[in-house]
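Student:
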Amino acid sequence: MSTLLRLVLLFLAIFFQKTNATDQTVALCADQRGMIRCKNGLKIKIVSANYGRTDDQVCPCGKTDTLTCRSKSSEIRVRWNCNGYATCHLHATSKHFGNPCANISKYLEISYRCVRNIDNDIQDKPIIAFNAYISKHLTLHRNTPVNVVYDKVFFNYGNAYNPHSGIFTAPSAGLYIFTWTSLVNPKSIFDAEILINAKRKGLGNCNNEGSPGFGNCANTVPLVLKAGDKKKSSISFQYRQENISCIPIGLFYHVTLNWHILRRPSLASG
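All the letters of the sequence shown, read from the start, carry residue numbers -21 to -1, 1 to 249 under mature numbering (1 follows the signal peptide of the UniProt record, and there is no 0).
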């Protein structure tokens, strides 16, 4: 092999290595739309993302005197939207990421790299999923909130759900999807709440009061949770309403840290 050919091959090897591993950073000012892209069959892997303000030189228009402004959900949402794709459309707006600092000019800053196989980074993370149901008929009383425990499980991968207490504890940060279904007696009302630390995050309002037959109701709620103890990351279910008599026929819950399994909503509106 000639010296010239060896030099060319060495240059190509170094070039492709940098293309595959070098982080790229982009910023979208408030309400701006844009996209990130990887070419040559590579996929996006988000390194970091923040909607807020940590630098007064980026998107300098407006009020910029706060440099510790961070949206708690922005990195998780951007990872969910972009990881594993060749192209990802984004919209820097408080509608997607919340408003972490009122009256401050915000921007979305993203660092990412292009990789050949993003699955290599997440294949060893465990899947957390459970399918639980209530094994008995429930008769609840007017305007009396009750914590109801789904006491039987079909499966409970990762053991994050406790069928004795009815509490789910997030083992790691991520976007979790909860779905629950209830069968309600004729002429009854049955409200099912999903709670995080005693605060309502979702409501399944099953009003079957005007029907002579059974009513079947379901609701799905996506929740961004943090890893930690039960006080910070616990999920429970509560039922409240008047003259309730019902047969909950099951709660299905599924979560995974493999971002490719669940359908990801777009962050680009309009």
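By construction, the Cβ of each residue, glycine as well, lies at the ideal position given by its N, Cα and C atoms. Remember, it's a predicted structure, so these values are computed and weren't measured experimentally.
#1: Answer with buried or exposed for Cys40, where buried requires no fewer than 16 other C-beta atoms within 10 angstroms of its C-beta.
#2: Roughly how many angstroms lie between the CA atoms of Leu7 and Val94, to the nearest whole one?
#3: Measure the CB-CB distance between Ile83 and Arg49 and report whether it falls below 8 Å.
#4: Could you tell me whether the Cβ atoms of Arg56 and His75 are closer together than 8 Å?
#5: Whole angstroms are fine: how far does the CA of Glu172 sit from the CA of Arg179?
#6: Would you tell me roughly how many angstroms separate the C-alpha atoms of Asn176 and Leu46, rounded to the nearest one?
#7: With distances taken Cα to Cα, identify the nearest neighbour of Cys185 among Thr160, Pro201, Val203 and Lys205.
#8: Quick one: is Ala195 buried, meaning 16 or more other Cβ sit within 10 Å of its Cβ, or exposed?
#9: Taking 7 Å as the cut-off, is the CB of Ile89 close to at least one heavy atom of the ligand FAD?
#10: What separation, rounded to the nearest whole angstrom, lies between the Cα atoms of Phe134 and Asn198?
#11: Taking Cβ to Cβ, would you say Leu87 is nearer than 8 Å to Ala65?
#12: For Gly183, tell me which candidate among Gly189, Pro191 and Leu174 has the shortest Cα-Cα distance.
#13: Give the secondary structure of Glu188 by DSSP, where H, G and I count as helix, E and B as strand, and everything else as coil.
#14: Between which two residues does the alpha helix (DSSP H) harbouring His70 extend?
#15: Pull up the distance between the alpha-carbon of Asp10 and that of Lys85, whole angstroms please.
#16: Which stretch, first to last residue, makes up the beta strand (DSSP E) that contains Ser90?
#17: Go to Cys40, then tell me how far its beta strand (DSSP E) extends in each direction, as first and last residue.
#18: Hey, out of Pro201, Pro165 and Leu202, whose CA is closest to Pro191's CA?
#19: Where does the unbroken alpha helix (DSSP H) through Ile15 begin, and where does it stop?
#20: Which class does Lys74 belong to by DSSP, given the choice of helix, strand or coil?
#21: For Ile106, count the other beta carbons within 10 Å of its own beta carbon; 16 or more makes it buried, fewer makes it exposed. Which is it?
#22: Is Ser53 helix, strand or coil when you go by DSSP?
Tutor: In short:
#1: exposed
#2: 23 Å
#3: Going by beta carbons, Ile83 and Arg49 fall outside the 8 Å limit.
#4: Result yes, Cβ atoms of Arg56 and His75 sit closer than 8 Å.
#5: 6 Å
#6: Between Asn176 and Leu46, the C-alpha separation is close to 30 Å.
#7: Thr160
#8: For clarity, residue 195 is Asn in the given sequence; the question names Ala instead. It is exposed - the Cβ of Asn195 has fewer than 16 other Cβ atoms within 10 Å.
#9: Judged by which ligands are present, the structure shown has none, so any question about the ligand FAD falls away.
#10: Phe134 and Asn198 have their C-alpha atoms some 20 Å from each other.
#11: no
#12: Leu174
#13: coil
#14: Not the alpha helix (DSSP H): His70 falls in the beta strand (DSSP E), residues Thr66 to His70.
#15: Distance between the alpha carbons of Asp10 and Lys85 is about 9 Å.
#16: Taken as a continuous stretch (DSSP letters only), the beta strand (DSSP E) holding Ser90 covers Tyr86 to Val94.
#17: Per DSSP, Cys40 belongs to no beta strand (DSSP E) and is neither H nor E.
#18: Pro165
#19: Unbroken run through Ile15 is the beta strand (DSSP E), Arg12 to Arg16; no alpha helix (DSSP H).
#20: helix
#21: So Ile106 counts as exposed.
#22: Helix.
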